[in-house]
Every structure is written in C-alpha cells, then in structure tokens.
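Have a look at the structure below, then the notes.
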Amino acid sequence: MYYIQQAIDNASDGDTIYVYDGVYDERIRVDKSIIILGEDKNITIIKKGCSIYTDNVILKGFTIRCRPIGILETAIYIQSENNEIQDNIILGELNTEKGADHNEISNNYISWKTAISLESDENIIQNNIIEGYVNYGILLIESDNNIIQWNEFENQGISLTISNGNTIRYNNFLNIVNAYFINSYDTTWNGNYWLLWPHILPKPIHGRFAPFFDKFNLITPYIPLLNFDWHPAKEPYDISP
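Quick note: the sequence shown, position 152, residue 151 per numbering that gives the first Met the number 0, numbers continuous.
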C-alpha cells in the first residue's frame with residue numbers, strides 16, 4: 000500500500016510530490032520544503048490531517064480531514080513560516096502556532112467548529128469559503144498585521160482577541176453572528192458585505208476593552224467599544240475558490 004508519508008520521507012528540499020487520487024488513511028508530517036500536489040481535491044483524501052513543521056511548503060489539491068491532537072481537532076497544523084495552503088477541501092480546524100508567520104491560505108473550502116485559528120502574524124487569508132458552525136469562522140488570538148480578504152463567511156464570522164493592526168476587507172459575512180473583538184486595536188474594516196444590514200449605513204463592529212482580561216479568563220469587567228466598517232458593500236461579492 001502506498002503512503003504519502005513514505006514519499007515525504009524519501010524527498011529532498013525543493014522536490015514536488017504528485018499524489019494520485021485515493022483515500023490515504025494517515026496523518027502526514029511535513030518536515031521538508033517541498034510541494035505536495037493532489038490529483039483531484041474531491042477524491043484525493045487525507046483522512047487524518049497534516050502537520051507542517053518546516054518553512055516553504057505548498058499543499059494543494061486535497062480533501063483533508065481531521066484527527067484529534069490532544070484537545071485540538073486539527074486538519075492542518077502549521078508550526079512554520081512562508082507556507083501556502085491552496086485549493087483544498089479542509090474538514091477540520093486549520094491552526095497556526097505562535098511564530099508561524101507569513102503563511103498564505105487561499106482558495107479553500109474550510110469547515111469545522113472553528114474553521115481557522117491563528118496565533119501568528121502577517122498571514123494572508125483570501126478567497127476561501129469559511130464555515131465555522133459552532134464557534135467562529137476565523138479566531139485570531141495574539142495575531143497582528145494579518146490580511147483577511149475576499150472570503151465568504153457562512154454561519155459564524157470572525158473574532159479578534161489581543162490582535163492588532165489587522166485588515167479585514169471585501170469579505171461576505173452571510174451570518175448573524177458576524178464580528179467581535181476584545182482588546183484588539185487598529186483594525187481596518189472596509190468594504191465588507193454584511194447580510195441583514197442596511198448597506199447605506201456604516202456597519203458597527205462590537206467589541207470590548209477588558210483591563211484584566213487574558214485569553215484564559217473570559218469573565219472579567221469590561222468597557223464596550225465600537226469599530227466601524229465605514230463603506231460596507233451593497234451587494235455580496237462573487238467568491239468561488
């Protein structure tokens with residue numbers, strides 16, 4: 000039986016691994032700077048997810064399901080920089096560790112309780128269909144200067160916690176629970192489409208300043224705050240990864 004991990008173990012930095020369609024009952028561990036291409040994302044399936052531990056990896060063309068790691072249910076776990084996650088169907092959480100900066104997540108369909116969880120900086124998340132069906136579509140914790148654009152949020156939206164200087168623009172928020180922030184500053188909200196909002200008016204984004212807050216203690220006194228998307232889009236964008 001063929002395993003993707005065998006090909007990774009035998010590869011060198013700079014190699015490309017082409018994976019034929021099929022179901023691969025494994026979790027792959029990527030520790031080399033390589034390109035991994037699936038033949039057809041609909042029928043090239045990694046059942047137990049992927050962990051990326053080195054920089055400059057491209058992962059493209061798969062259905063990637065999750066397997067619990069401790070308390071996390073991660074389909075893709077990233078602990079490195081300058082990686083590209085493109086054109087996949089991701090059925091589980093995509094999670095970046097602290098310091099896993101400068102990654103690009105684009106042209107994917109991502110669905111899980113929380114679809115994307117970031118604890119890293121200067122990433123680009125664009126042109127994805129994001130479905131968070133319990134918690135959030137995207138959760139940012141201590142994550143600065145990320146660009147989140149041209150995405151479609153279904154069911155749940157985005158939450159920022161202790162995350163500064165992020166840009167959130169040109170997205171479709173097709174949900175009622177759409178955006179929230181805690182102790183997060185200098186966020187640019189611009190040109191997003193908000194379902195059930197009169198689009199001639201600026202869209203308020205509710206948040207709070209909690210002077211005694213930390214990410215492990217959610218019950219604390221707070222002061223309400225507002226940000227605004229001053230120029231919300233009048234019509235939804237055509238977003239189709």
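All residues carry an ideal CB built from backbone N, CA and C; glycine is no exception.
Open item on the list: Please state whether the Cβ-Cβ distance between I51 and N82 is less than 9 Å.
Closed with: Result yes, Cβ atoms of I51 and N82 sit closer than 9 Å.
Task: Where N107 sits in the DSSP three-state scheme - done: When DSSP states are grouped into helix, strand and coil, N107 belongs to the coil group.
- [ ] Assuming N150 contacts L159 (C-beta within less than 8 Å), just tell me the rounded distance between them.
- [x] About 15 Å; that fails the 8 Å criterion.
TODO: Decide if L225 is buried, meaning its Cβ has at least 16 other Cβ atoms within 10 Å, or exposed.
DONE: Burial call: exposed.
Open item on the list: Suppose the cutoff is 7 Å on Cβ atoms and the five residues either side in sequence are ignored; what does the same chain contact list for Y184 look like?
Closed with: Same-chain partners within the cutoff: N163.
Task: Sub-9 Å separation of L90 and I128 beta-carbons - done: No, the Cβ-Cβ distance between L90 and I128 is not below 9 Å.
TODO: Report the rounded CA-to-CA distance for D39 versus G21, giving the unit in angstroms.
DONE: Here the C-alpha atom of D39 lies approximately 9 Å from the C-alpha atom of G21.
TODO: Assign Q5 to one of two classes, buried (16 or more other C-beta atoms within 10 Å of its C-beta) or exposed (fewer than that).
DONE: By the neighbour-count rule (16 or more Cβ atoms within 10 Å), Q5 is not buried but exposed.
TODO: Determine the DSSP secondary structure at G226, reduced to helix, strand or coil.
DONE: The amino acid occupying residue 226 in the given sequence is Asn; Gly does not appear at that position. Residue state for N226 is assigned as strand, using DSSP reduced to three classes.
TODO: Indicate whether Q85 and N107 have their beta-carbon atoms separated by less than 9 Å.
DONE: Against a cut-off of 9 Å, the Cβ pair of N107 and Q85 comes out as a contact.
- [ ] Closer than 6 Å by C-beta to S229: which residues in its own chain qualify, once you throw out the five before and the five after it? Chain order, please.
- [x] Residue 229 is actually Trp in this sequence, not Ser. Excluding residues within five positions, the ones whose Cβ falls inside 6 Å are P201.
TODO: Could you spell out the range, first to last residue, of the alpha helix (DSSP H) harbouring N9?
DONE: Residues 3-9.
Open item on the list: Can you give me the C-alpha to C-alpha distance between H101 and V56, rounded to a whole angstrom?
Closed with: Whole-angstrom Cα-Cα distance: 12 Å.
Task: For N94 and F61, believed in contact at Cβ under 8 Å, the rounded distance - done: Between F61 and N94 the beta-carbon gap is near 17 Å, outside 8 Å, which marks them as no contact.
Task: Beta-carbon proximity check, I3 vs Y23, cutoff 9 Å - done: Yes, the Cβ-Cβ distance between I3 and Y23 is below 9 Å.
Task: G131 (DSSP reduced to helix, strand or coil) - done: Strand, per DSSP.
Task: Span of the beta strand (DSSP E), counted from its first residue to its last, around L58 - done: Unbroken beta strand (DSSP E) run through L58: 57-59.
Open item on the list: Between which two residues does the beta strand (DSSP E) holding E83 run?
Closed with: That run of the beta strand (DSSP E) goes 83-85.
TODO: Would you mind reading off the limits of the beta strand (DSSP E) that contains A114?
DONE: Where A114 is concerned, there is no enclosing beta strand (DSSP E), given that its DSSP letter is neither H nor E.
Task: Option in I34, S11, W188, L173 with minimal Cα separation from G136 - done: Closest by alpha carbon: L173.
TODO: With Q78 as the anchor, note down where its beta strand (DSSP E) starts and where it stops.
DONE: No beta strand (DSSP E) contains Q78, which DSSP labels as neither H nor E.
Task: Own chain residues within Cβ distance below 6 Å of K112, not counting five before or after - done: V133, N134.
Task: For N171: DSSP bridge partner residues - done: As computed with DSSP, N171 is found in a beta bridge with E151, Y192.
TODO: Check the C-beta distance from P231 over to Y179 and give it rounded, since I have them as a contact under 8 Å.
DONE: The beta carbons of P231 and Y179 sit about 17 Å from each other, so the pair does not count as a contact at 8 Å.
- [ ] Taking S116 and E141 to be in contact with their CB atoms under 8 Å, please state how far apart those CB atoms are, rounded to whole angstroms.
- [x] That pair is no contact at about 11 Å.
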